[in-house]
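Participant: The opening residue of the sequence shown carries number 1 in full-length UniProt numbering; numbering runs sequentially from there. From the three backbone atoms N, C-alpha and C, an ideal C-beta is built for every residue, glycine too. In this text the structure is predicted, and so the values were computed from the model without any measurement. First the structure, which I've put down as C-alpha cells, then a few questions once you've had a look.
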Amino acid sequence: MDISALRVLAPLCWRAPSAHNTQPWRLDHRDEEVHVGWDPADALPAADPTGRDLRLSLGAFVETCLIVAADLGLPIEYVPDHCAQDRRVGWLRLSRPGYRSPFTAAQVQGRRTHRGRFSAGPDAGTLAALDAVAGQAGGEVRVVSDADLLTRLLTTADRHLYADPAVVAELRTWLRLTPRHPRYRADGLTGRCLELSPGEAAGLRAALAAYPVLRPLGLPRLLATAAGHPLALGGTVIVLVGPTGMDDAAQVEFGRVLMRTWLTLHAAGLAAHPLSQLIDASATRAALGATLDVAPERLLHVARVGRPVGPTARSARRVGGTG
Ligand SMILES: Cc1cc2nc3c(=O)[nH]c(=O)nc-3n(C[C@H](O)[C@H](O)[C@H](O)COP(=O)(O)O)c2cc1C
C-alpha cells in the first residue's frame, strides 16, 4: 500500500466543510508524500480578507482526510508545514500505526451544515465535550446566552455584510440559486442548503442581480432583513476561541479542531449553523469579545448549534457528486 491510495478516498475526504463551499484544498501527489495546498481562485478575498476561514477550511479538510484514511485502514499522518508563499499547509504521508480518531468515515459522510429549525441546544455533557475538544489544542468553546445582544449583533453584522458590494458580488459567484446553474452539483451554496423555498431563492437571485442599481435605494437593509432571524430557529450560539498569539499555522490546526467539534455534535444527533458574519465585522467581533471577556482576535468561529427538527439538503462537491 502506498500514499496514492488516498486518491480512492477523495470522494469522502471532499465531504469536508468550507466557507461558501468553495472546496479550496488541493492535493498534489509527490513520490512518498501528498502536498496539501490551496487554490487562490477558491479563496474569498472580500468576505474573508484575513484568510481565517480559508485556513479553518483547510484544517477541516486535513482532519477529514486523517479520519477517513484511519477508518478505512490507510495509516497516514499529517506533518504541518505552513508556507503561504507556496500555498501549502502541510504534508500527508504514510506512517504506522496511523491516525487515531473516535470518528468514522460514515460520520464524515453523514454530517452536514443545518440552517433550519432546532428543537433544542446541546446538553451540558455535549457542551463539555466540545470544550474538551478545543481544550486539547489550548482553546475553548464558549456559550453566548444573551439573546438580545445576539439579535442586535446579528442585525448589525448582516447589514455590514450586505452593504459591501465586493462581499455581495463574491457571495453571488458562489450562490447556486437555480438547479439550472452549471455548477449546481459541483460547489457553492444551493437554495435548498440555505433552506430557501424556490420562490425565496428566485427573489434573492433577482435582488442580487439588481444590487448595483438598488444599493443606493436601501437594498442592503432589505437583504439583511430578508436574511431572516436564524436565532429564532432555536439552538445555542457557541464560539470557538483559540489561544492568544495564534499564527496562520495555528489557525489551520483549529480548523482540525472545528471539524472534530462538528463531528462531536453530529455523533450526538446535533448539527451546526455557522454565523461567521458575527466575527467578520470588526464592531460585532469586538462586542462579542467584550461579552465573553476574550480578546477579539482569539474568536475563530461562531455557530448556532442544536438538534435539527427535520432533514436538510446535502451540499454539492466537485469530487464524488452530491450523493
Ligand atoms: C470556516 C467556515 C465558515 C463558515 N461560515 C458559514 C457562515 O457564516 N454561514 C453559513 O451559513 N455557513 C457557513 N459555513 C458552512 C459552509 O457553507 C458549509 O460547510 C458548506 O456549504 C458545505 O456544506 P456542509 O457543511 O453541509 O458539507 C462555514 C463553513 C466553514 C468551514
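Considering residue 308, what are the terminal residues of the beta strand (DSSP E) in which it resides?
Facilitator: Run containing residue 308: none; DSSP gives neither H nor E here.
Participant: Is the Cβ-Cβ distance between residue 306 and residue 116 less than 7 Å?
Facilitator: No, Cβ-Cβ distance for residue 306 and residue 116 is not below 7 Å.
Participant: Specify whether the segment 149–168 and the segment 198–205 touch according to this definition: at least 3 beta carbon pairs, one from each stretch, less than 8 Å apart.
Facilitator: Segments in contact, no.
Participant: Exposed or buried, which one is residue 276 when buried takes at least 16 other CB atoms within 10 Å?
Facilitator: Buried, because 16 or more other Cβ atoms sit within 10 Å of the Cβ of residue 276.
Participant: What residue ranges within the segment 122–195 form continuous alpha helix (DSSP H) runs of no fewer than 4 residues, ordered along the chain?
Facilitator: DSSP runs (the alpha helix (DSSP H)) wholly in the segment 122–195: 124–135, 147–163, 165–174.
Participant: Taking only the alpha-carbon atoms, compute the straight-line gap between residue 95 and residue 76 and give it to the nearest angstrom.
Facilitator: Approximately 5 Å, taken between the alpha carbons.
Participant: Which of the three DSSP states is assigned to residue 90 in this structure?
Facilitator: Looking at residue 90 - three-state DSSP - the assignment turns out to be strand.
Participant: When you measure from the CB of residue 53 to every non-hydrogen atom of ligand 1, does any distance come out below 6 Å?
Facilitator: Flag set: Cβ of residue 53 near ligand 1.
Participant: So what's residue 203 in DSSP terms, helix, strand or just coil?
Facilitator: Of the three classes helix, strand and coil, the one that applies to residue 203 here is helix, per DSSP.
Participant: Would you call the CB atoms of residue 314 and residue 242 closer than 7 Å?
Facilitator: The answer is no: Cβ separation not under 7 Å.
Participant: Assess contact between the segment 264–275 and the segment 122–135, defined as three or more Cβ pairs (one per stretch) separated by less than 8 Å. Is contact present?
Facilitator: Yes, since at least three Cβ pairs between the segment 264–275 and the segment 122–135 fall closer than 8 Å, the two stretches touch.
Participant: Which residues does DSSP pair with residue 78 in a beta bridge?
Facilitator: The partner list for residue 78 (beta bridge, DSSP) reads 92.
Participant: To the nearest angstrom, how far is the alpha carbon of residue 311 from that of residue 278?
Facilitator: Those two C-alpha atoms are separated by around 26 Å.
Participant: Compute the beta-carbon to beta-carbon distance between residue 248 and residue 55, rounded to the nearest angstrom, for a pair I have assumed lies under 8 Å.
Facilitator: The pair is a contact, with the Cβ atoms about 6 Å apart (cut-off 8 Å).
Participant: Can the beta-carbon of residue 50 be found closer than 7 Å to that of residue 153?
Facilitator: Taking 7 Å as the Cβ cut-off, residue 50 and residue 153 do not qualify as a contacting pair.
Participant: Three or more C-beta pairs under 8 Å: does that hold for the segment 103–117 against the segment 138–152?
Facilitator: Segments in contact, no.
Participant: Helix, strand or coil: which one does DSSP assign to residue 72?
Facilitator: In the structure shown, residue 72 sits in coil (DSSP, three-state: anything other than H, G, I, E or B).
Participant: Tell me where the beta strand (DSSP E) around residue 28 begins and ends.
Facilitator: Unbroken beta strand (DSSP E) run through residue 28: 25–29.
Participant: Determine whether the beta carbon atoms of residue 237 and residue 150 lie at a separation below 7 Å.
Facilitator: In contact: residue 237 and residue 150 (Cβ atoms closer than 7 Å).
Participant: Here's a check: name, in chain order, each residue in its chain whose Cβ is nearer than 7 Å to the Cβ of residue 42, leaving out the five neighbours to either side.
Facilitator: 22, 23, 24.
Participant: Return the residue from the list 147, 259, 44, 208 that minimises the CA-CA distance to residue 227.
Facilitator: Comparing Cα-Cα distances from residue 227 to each of 147, 259, 44, 208, the minimum goes to 208.
Participant: Counting along the chain, where does the alpha helix (DSSP H) carrying residue 262 start and finish?
Facilitator: 248–267 is the span of the alpha helix (DSSP H), which, as asked, contains residue 262.
Participant: Determine the DSSP secondary structure at residue 244, reduced to helix, strand or coil.
Facilitator: The answer is coil: DSSP assigns residue 244 none of H, G, I, E or B.
Participant: Could you please give me the residues that DSSP links to residue 236 through a beta bridge?
Facilitator: Looking at the DSSP assignment, residue 236 forms a beta bridge with 305.
Participant: Can you tell me whether residue 114 is helix, strand or coil according to DSSP?
Facilitator: Here residue 114 sits in coil by DSSP.
Participant: Are the Cβ atoms of residue 256 and residue 62 separated by less than 7 Å?
Facilitator: Against a cut-off of 7 Å, the Cβ pair of residue 62 and residue 256 comes out as a contact.
Participant: Thinking C-alpha only, which one of 195, 71, 296 is nearest residue 233?
Facilitator: Out of 195, 71, 296, 195 has the C-alpha closest to the C-alpha of residue 233.
Participant: Excluding the 5 residues flanking residue 333 on each side, which residues of the same chain have their C-beta closer than 8 Å to its C-beta?
Facilitator: An answer regarding residue 333 cannot be provided, because it is not within the stretch 1 to 323 covered by the chain.
Participant: What residue from 72, 197, 174, 246 has the CA that sits closest to residue 5's CA?
Facilitator: Residue 72 is the option with its Cα nearest to residue 5.
Participant: Give the DSSP-derived three-state secondary structure of residue 51 in the structure shown.
Facilitator: Three-state DSSP puts residue 51 in coil, outside helix and strand.
Participant: Taking the beta strand (DSSP E) that residue 272 belongs to, which residues open and close that run?
Facilitator: Note, residue 272: beta strand (DSSP E), 271–274.
Participant: Could you check what DSSP says for residue 329 in three-state terms: helix, strand or coil?
Facilitator: The structure shown does not extend to residue 329, since the chain spans only 1 to 323, so no value can be given for it.
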